[in-house]
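Residue numbers (my numbering), protein chains in the order written: chain A, 8 to 165; chain B, 1198 to 1425. By construction, the Cβ of each residue, glycine as well, lies at the ideal position given by its N, Cα and C atoms. This structure is a prediction, so every number in the text was calculated from the model and none was measured. Have a look at the structure below before the remarks.
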Amino acid sequence: MSQQVADATDKQVPTHSSSPTKRSTYIYAAVAVISLLGLADATYLTIEHVTGQSVRCTIIAGCSEVLSSQYAVVGGMPLAMIGAGAYFTVFALGTLAAFGYKITGALLNLLVAAMVVVSLWLVYLQAFVIRSFCQYCLFSAAITLALATLLLIRWRKP
Amino acid sequence: MKRILPFLIILSVLGVALGSAWYLKRSSTANPAPPAADSPRPTTPALIAPGAEPPQTSGPATAPVKIEEFGDFECPPCGQFHPILKKMQEEFDKNLQVTFREFPIVQMHHHALAAASSAEAAGLQGKFWEMHHLLYDNQKAWHEQFDVRPIFEGYAKQIGLDVEQFKRDINSDLVARRITEDGKRARSLGVNGTPTVFMNGREMPFEVIINEAKLRAAIKAEIESAKR
């Protein structure tokens, strides 16, 4: 509902450099670009998982405790792979929204909201259950929060 | 054109992502090129540190397959690899020589150095492998303990060591130097995690060493290749 109001507001204001429409385009473009960082991070983690490298004890990443835990797999699928799919979907929706496909904006909000919830849950698991932090997972959570922040900025009335 | 441009961008990114994933998977599972016949290592021998001398080995020096493991006694995957390697030693007997190199990841494992020192101290009394097996077999039991010294001293007693000598050796310069020398060798070979396993000088992918059937097949292939 709020999304529709925001979209309607966008349509009513004439287009100029600081108009909400143009601002929305920039924000959606930024969302698409930032989601690529998340996609790269999640793709790397997926490969580490698939090849078994993430399970090793390493002096570099320190992620083995997290990535070898039971929480790293959901329904037989690596969580990182699901994350990569989510980031790619965010990229696709953000790109389409930046090109004026209105419906994708609402889907994007829903998806990023779900990703924020999952990210917070995963940070909680790292902090209080697994008691180890994986910097790649924290980077992913930071990316998700950055995406949510951008969409909140867009959502707010100018 | 403007209508299809976003779809072109999305498809391009999908292509790049899948291509990168394929490249990453390929490079992380690929074996380095086999060493030349006269070179035991994949890189320039002069740049490779020798490690602690004499090394902790099990099996004949004439074995056609030589496995060198860089391990950390507190690392869970090393604990999983241990029974697999033990089984391979039993199966391939005189065709397999195993060398263990200390690579305690002290940043992550609080007792890894104490465990490595205990194994090396046992080695000074000729019982490295007995201690090695006990440490791995009971990894879960001591891993979460606050003070592991009495546990390791119990293992020393169990395998018939002179416990007082063992306690002195744990803190000796000789034991510390052996662990340092193995660490230097690890760094010179680019080892950054455990278990890292070299078979006849080639680093083995983790997915191979942790899979009994794949490791068996790899060892058999090396034996066949040595016969030719």
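Let me check understanding here. Comparing Cα to Cα, which of the options lies closest to residue i?
i, options, result
"B/E1350", "B/H1306, B/E1361, B/A1309 and B/E1378", "B/E1361"
"B/F1297", "B/A1316, B/P1274 and B/Q1355", "B/A1316"
"A/P85", "A/A121, A/K109, A/R63 and A/Y51", "A/Y51"
"B/S1314", "B/K1291, B/P1301 and B/I1416", "B/P1301"
"B/H1330", "B/Q1253, B/M1396 and B/L1412", "B/Q1253"
"B/G1276", "B/V1210, B/N1335 and B/L1208", "B/N1335"
"A/Y131", "A/A148, A/G107 and A/R163", "A/A148"
"A/T156", "A/C144, A/C64, A/L115 and A/I54", "A/L115"
"B/P1280", "B/A1353, B/I1407, B/S1255 and B/T1391", "B/I1407"
"B/F1325", "B/K1337, B/L1310 and B/A1353", "B/A1353"
"A/D48", "A/S75, A/G92, A/G83 and A/L127", "A/G92"
"B/E1299", "B/N1292, B/G1320, B/K1291 and B/M1285", "B/G1320"
"B/E1327", "B/G1380, B/I1206 and B/S1255", "B/S1255"
"B/I1420", "B/Q1355, B/F1289 and B/L1221", "B/F1289"
"A/T32", "A/I54, A/L103, A/T151 and A/R163", "A/L103"
"B/F1267", "B/N1368, B/I1206, B/Q1322 and B/K1381", "B/K1381"
"A/L154", "A/S139, A/I34 and A/K29", "A/I34"
The alpha helix (DSSP H) spanning residue i covers which residue range?
i, result
"B/E1404", "F1403 to I1406"
"B/Q1342", "Taken as a continuous stretch (DSSP letters only), B/Q1342 belongs to no alpha helix (DSSP H), as it is neither H nor E."
"B/P1280", "P1273 to F1289"
"A/L114", "K109 to Y131"
"B/F1363", "V1360 to I1367"
So what does DSSP say about residue i, is it helix, strand or coil?
i, result
"B/K1263", "strand"
"A/P85", "strand"
"A/F98", "helix"
"B/M1396", "strand"
"A/G92", "helix"
"A/T151", "helix"
"B/G1268", "strand"
"A/C141", "coil"
"B/G1323", "coil"
"B/T1377", "helix"
"A/T208", "Look at the range of chain A in this structure, 8 to 165, and you will see that residue 208 of chain A is not part of it."
"B/G1212", "helix"
"A/V80", "strand"
"B/P1239", "With a pLDDT of 47 at B/P1239, under the threshold of 50, the predicted position of this residue should be treated as unreliable, though the coordinate-derived value follows. B/P1239: coil per DSSP, three-state reduction."
"B/G1351", "helix"
"A/G45", "helix"
"A/T58", "coil"
Return yes when the C-beta of residue i is under 7 Å from any heavy atom of the ligand NAD, and no when it is not.
i, result
"A/I54", "Absence of the ligand NAD is noted for the structure shown, with no ligands found whatsoever."
How far does the beta strand (DSSP E) with residue i in it extend, from its first residue to its last?
i, result
"B/R1298", "L1293 to E1299"
"B/S1154", "Look at the range of chain B in this structure, 1198 to 1425, and you will see that residue 1154 of chain B is not part of it."
"B/Q1253", "Q1253 to S1255"
Taking any Cβ of chain B, which residues in the stretch 91 to 104 of chain A have a Cβ under 7 Å from it, in chain order? Per Cβ criterion, the list reads F95, F98, A99, T102 and L103.
Beta carbons nearer than 9 Å to chain B: which residues of the stretch 33 to 67 of chain A have them? When C-beta distances to chain B are compared with 9 Å, the residues of the stretch 33 to 67 of chain A below that value are A39, L43, L46, A47, T50, Y51, T53, I54, E55, V57, T58, G59, Q60, V62, R63, C64, T65, I66 and I67, in chain order.
Residues of the stretch 1297 to 1324 of chain B in Cβ contact with chain A at a cutoff of 8 Å, in chain order, please. If the cut-off is 8 Å between Cβ atoms, the stretch 1297 to 1324 of chain B has I1302, Q1304, M1305 and H1306 near chain A.
For the structure I just gave you, are there three or more beta carbon pairs, one from the stretch 1385 to 1396 of chain B and one from the stretch 1243 to 1252 of chain B, closer than 8 Å? Contact between the stretch 1385 to 1396 of chain B and the stretch 1243 to 1252 of chain B is present, because at least three Cβ pairs lie under 8 Å.
Which residues of the stretch 1268 to 1284 of chain B have a Cβ closer than 9 Å to any Cβ of chain A? Give them in chain order. Answer in chain order: D1269, E1271, C1272, P1273, P1274, C1275 and Q1277.
At a Cβ cut of 7 Å, what residues of the stretch 1380 to 1391 of chain B count as close to chain A, listed as they run along the chain? Against chain A - using a Cβ distance shorter than 7 Å - the residues of the stretch 1380 to 1391 of chain B are N1389, G1390 and T1391.
If the cut-off is 7 Å on Cβ atoms, which residues from the stretch 123 to 140 of chain A count as contacting chain B, listed in chain order? Residues of the stretch 123 to 140 of chain A with a C-beta atom less than 7 Å from some C-beta of chain B do not occur.
Between the stretch 1409 to 1420 of chain B and the stretch 1387 to 1399 of chain B, do three or more beta carbon pairs fall short of 8 Å? With the cut-off at 8 Å, the stretch 1409 to 1420 of chain B and the stretch 1387 to 1399 of chain B touch.
Pair every Cβ in the stretch 25 to 41 of chain A with every Cβ in the stretch 93 to 105 of chain A, then say whether three or more of these pairs are closer than 8 Å. Three or more beta-carbon pairs separated by less than 8 Å link the stretch 25 to 41 of chain A to the stretch 93 to 105 of chain A, which places the two stretches in contact.
Listed from N- to C-terminal order along the chain, which residues in the stretch 1210 to 1226 of chain B have their beta-carbon within a distance smaller than 8 Å of any beta-carbon of chain A? Cβ contacts with chain A come from V1210, L1211, A1214, S1217, A1218, L1221, K1222, S1225 and T1226.
Touching or not, the stretch 1209 to 1218 of chain B and the stretch 1342 to 1356 of chain B, by the rule of three or more beta carbon pairs under 8 Å? The stretch 1209 to 1218 of chain B, when compared against the stretch 1342 to 1356 of chain B, does not touch it at the 8 Å Cβ threshold.
Using a Cβ cut-off of 8 Å, which residues of the stretch 140 to 151 of chain A contact any Cβ in chain B, in chain order? Along the stretch 140 to 151 of chain A, there is no position whose C-beta sits under 8 Å from a C-beta of chain B.
Any residues in the stretch 1402 to 1420 of chain B with a beta carbon nearer than 8 Å to a beta carbon of chain A? Which ones, in chain order? Taking 8 Å as the upper bound on Cβ-Cβ separation, chain A lies near residues P1402, F1403, E1404 and I1407 of the stretch 1402 to 1420 of chain B.
Which residues, in chain order, does the stretch 1242 to 1261 of chain B contribute to contact with chain A at a C-beta distance below 7 Å? For chain A, none of the residues of the stretch 1242 to 1261 of chain B brings a beta carbon within less than 7 Å of one of its beta carbons.
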